[in-house]
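Have a look at the structure below, then the notes.
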Amino acid sequence: MRKINIKKLQNNGSTSIIGTFSLDHNGVVSYVGNETFWENVQLEGVYTVKNGEARTFFPKDGSAFFDNLKYHFKSAYLFAEEEQEK
Amino acid sequence: MDRFFHHYFLRKNKREEILENKEILKCDQAILNVDQILKDEQIEFIAEESLSKKITQKVFETLPQKIKTACKKTADENLIERKEVEERRNIKVGSNSPEFIKLKDDGSVVFKSKEGELDNLRTAVKKGTYYRRERASYIVDRFFEFDMVPTTTIKEIKDEIGSAQRFIEDAREFCEIDYESKQKYKSEIAKLFIFDYIIWNSDRHSSNFLVKEDKLYAIDNGLSFGNDRFKPFMIDSPIDFNFKEDFILKINEIAKNDKILDIMRLSLEEHLPEEEINACIWRIKNIAKILNDKRILSKKIEDRSKISGMFIYNYEKN
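The listed protein sequences correspond, in order, to chains S and D.
For the record, in the first sequence the residue sitting at position 57 is 56 according to numbering that gives the first Met the number 0, with numbers rising by one throughout.
For the record, in the second sequence the residue sitting at position 120 is 119 according to numbering that gives the first Met the number 0, with numbers rising by one throughout.
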């Protein structure tokens, strides 16, 4: 099982987890955490530009969605942490 | 005492007078408010406070009062550039390495070092230039008075150079708020759409702009200005293009004033290649034309290029 935490930067510089994405061995994405955030992700997907081409991936895209989380959530205020294998 | 502080103290009496009259609390924010009040007064030329080294005293003296204000660094820019660092925290983002920096007695900034920039995020925007583009985007925002980009400067911290952007406390990413709450930001998002067109930003989505109360903040502007084609992304939230009259006037004021555009060009030269500045200025004139003709922007992209391969947005008649 692969996991990625989504973290939020606090006013004092510390961070807290707002949600966690998981990818199981069958390539299915699941999520636990802030519901509003999850609703927005399901609606808008994750967006990346590679080689001049913009692409959007949704949770149903499995590993393609999961692998692009870190390129989408890369703001200092809200970001995807390094992947963990569990 | 360096010239900045000399200048600061010279104006101290005037500041205190205003602070007393307005009964504003003596805090950093109040100092910024005072600077706003002082804006219309005579502005002294100090080379270090100019947005560009090329804006010399001779050039400065020829400028109308309003442009003089635009081409000088704000008090907050000077504070961020010069304040000592009290604490550094690496945020450990999966794809780059911004830092949360606490400045001595003056709030916090997000620091993105040149060294920490990742490669291959956009073909035409090379690694090692993102931090300059953050600053360039802020400069454009200032000229238009959009007031969306938090104060962003170039700062050196222990031999590392990068962009330092004022941290907005208690702000939320747009992707953290629900559909109902998003509705009140429609006009701000429309403004953001125009701003992103002007700076040719390829990296705008709902997790790189912030909201706090009624205000929107455009952060993460490092992937901007590149001389290339891409399909811009717009979030799916409803966007109307009924821009306020004063917003259109502001775009026109800049697009039609070559003096302002020249000063903007000088201010951007330190950060961007010439052809990217040319393309930016072309987009400013183009967007003014579109808004004046009361045409609306469509999300469709016209598959042809103008100026060094730049895409332009297609438009539709109202």
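Just so you know, even glycine gets a beta-carbon here, dropped at the ideal spot from N, CA and C.
For serine 205/D, name the three-state secondary structure that DSSP assigns. As a working note, residue 205/D is residue 206 in the second sequence. Coil at serine 205/D, not helix or strand.
Report the neighbours of phenylalanine 64/S on chain D: residues whose CB is nearer than 7 Å to its CB, in chain order. If you number the first sequence from 1, residue 64/S lands on position 65. Chain D residues near phenylalanine 64/S: none, gap ~14 Å exceeds 7 Å.
For aspartate 169/D, would you say it is in contact with chain S, using Cβ-to-Cβ distances shorter than 8 Å as the test? Within the second sequence, numbered from 1, the residue matching residue 169/D stands at position 170. Output row for aspartate 169/D: interface = yes.
In the DSSP assignment, find the beta strand (DSSP E) that holds leucine 77/S and state where it starts and stops. Residue mapping note: residue 77/S aligns to position 78 of the first sequence, counting from 1. Looking at the DSSP string, the run of the beta strand (DSSP E) that includes leucine 77/S is 77-79.
Start and end residues, alpha helix (DSSP H) containing alanine 163/D: In the second sequence, residue 163/D corresponds to position 164, counting from 1. Looking at the DSSP string, alanine 163/D is not in any alpha helix (DSSP H); the run it does join, the beta strand (DSSP E), is 159-165.
When DSSP labels each residue in this structure, what does tyrosine 196/D get in the three-state scheme? Taking the second sequence and counting its residues from 1, one reaches residue 196/D at position 197. DSSP places tyrosine 196/D in helix when its eight states are reduced to three.
Could you give the DSSP three-state label for glutamate 84/S: helix, strand or coil? The residue you call residue 84/S lines up with position 85 of the first sequence. Correct three-state label for glutamate 84/S: strand.
Nonlocal neighbours in the same chain, by C-beta distance under 8 Å from arginine 264/D, ignoring five residues either side: Sequence index remark: in the second sequence, residue 264/D carries index 265 (1-based). Ile276 and Ile280, listed in sequence order.
When the distance is taken between beta carbons, is valine 28/S closer than 8 Å to phenylalanine 78/S? By 1-based counting over the first sequence, the position of residue 78/S is 79. By 1-based counting over the first sequence, the position of residue 28/S is 29. Not closer than 8 Å, so no.
What is the DSSP secondary structure of glutamate 34/S, reduced to helix, strand or coil? Start at 1 with the first residue of the first sequence, and residue 34/S comes out as number 35. Correct three-state label for glutamate 34/S: helix.
Using CA atoms only, rank isn't needed, just tell me which of Arg121/D, Leu78/D and Asn95/D is closest to valine 108/D. Within the second sequence, residue 108/D is the residue found at index 109, counting from 1. Closest by alpha carbon: Leu78/D.
Who are the neighbours of leucine 209/D on chain S, taking C-beta pairs under 8 Å? Within the second sequence, numbered from 1, the residue matching residue 209/D stands at position 210. Going along chain S in sequence order, the residues near leucine 209/D (Cβ under 8 Å) are Tyr76.
Does the beta carbon of lysine 73/S sit closer than 8 Å to a beta carbon anywhere in chain D? Residue mapping note: residue 73/S aligns to position 74 of the first sequence, counting from 1. It does: the Cβ of lysine 73/S has a partner Cβ on chain D nearer than 8 Å.
Please confirm if glutamate 81/S has its CB atom under 8 Å from at least one CB of chain A. Among the protein chains in the structure shown, which are S and D, there is no chain A.
Kindly indicate the opening and closing residues of the alpha helix (DSSP H) around asparagine 277/D. In the second sequence, counting from the first residue as 1, residue 277/D sits at position 278. That run of the alpha helix (DSSP H) goes 273-291.
Under 8 Å between C-beta atoms, does leucine 8/S make it to chain D? Numbered from 1 along the first sequence, position 9 holds the residue referred to as residue 8/S. Yes, leucine 8/S lies at the interface with chain D (some Cβ there is under 8 Å from its Cβ).
Could you tell me if aspartate 195/D is buried or exposed, where buried requires 16 or more neighbouring beta carbons within 10 angstroms of its beta carbon? Against the second sequence, residue 195/D aligns to sequence position 196. Label assigned to aspartate 195/D: buried.
Taking just the CA atoms, how far does alanine 217/D sit from leucine 248/D? As a working note, residue 248/D is residue 249 in the second sequence. As a working note, residue 217/D is residue 218 in the second sequence. Their backbone Cα atoms lie some 21 Å apart in a straight line.
Along the region 250-272 of chain D, where does the CB come closer than 8 Å to a CB of chain S? Name the residues. none
Below 8 Å between beta carbons: does that hold for glycine 18/S and tryptophan 37/S? Taking the first sequence and counting its residues from 1, one reaches residue 18/S at position 19. Taking the first sequence and counting its residues from 1, one reaches residue 37/S at position 38. Yes; because the gap between Cβ atoms is below 8 Å, this pair is in contact.
Closest to glycine 115/D by C-alpha separation, out of Gly106/D, Thr122/D and Gly127/D, would be which residue? Numbered from its first residue, the second sequence carries residue 115/D at position 116. Selected option, being the one with the closest Cα: Gly127/D.
Determine, for tyrosine 30/S, whether the minimum Cβ-Cβ distance to residues of chain D falls below 8 Å. Within the first sequence, residue 30/S is the residue found at index 31, counting from 1. No, no contact with chain D.
Kindly indicate which three-state DSSP category glutamate 133/D falls into: helix, strand or coil? Position 134 of the second sequence, counting from 1, holds the residue named residue 133/D. Reduced to three states, the DSSP call for glutamate 133/D is helix.
Under 8 Å between C-beta atoms, does phenylalanine 402/D make it to chain S? Coverage of chain D is limited to positions 0 through 317, which leaves residue 402/D absent and any answer about it impossible.
My output table needs one value for alanine 170/D: the three-state DSSP class, helix, strand or coil. Your numbering for residue 170/D matches position 171 in the second sequence. The answer is coil: DSSP assigns alanine 170/D none of H, G, I, E or B.
Around the C-beta of arginine 87/D, are 16 or more other C-beta atoms found within 10 angstroms, so that it is buried, or is it exposed? Locating residue 87/D in the second sequence gives position 88, where the first residue counts as 1. By the 10 Å Cβ count, arginine 87/D comes out exposed.
Have a look at glutamate 43/S and valine 58/D and give me their C-alpha separation to the nearest angstrom. Here residue 43/S corresponds to residue number 44 of the first sequence, with the count starting at 1. Here residue 58/D corresponds to residue number 59 of the second sequence, with the count starting at 1. If you take the alpha carbons of glutamate 43/S and valine 58/D, they lie about 48 Å apart.
Examine the Cβ distances between the region 132-147 of chain D and the region 187-202 of chain D and report whether three or more of them are shorter than 8 Å. yes
For the region 3-31 of chain S, which segments carrying the beta strand (DSSP E) assignment without a break, of at least 3 residues, lie completely within its bounds, in sequence order? 14-22
Looking at isoleucine 286/D and isoleucine 193/D, is the spacing between their C-beta atoms short of 8 Å? Locating residue 193/D in the second sequence gives position 194, counting from the first residue. Locating residue 286/D in the second sequence gives position 287, counting from the first residue. Their beta carbons are under 8 Å apart, which means isoleucine 193/D touches isoleucine 286/D by this criterion.
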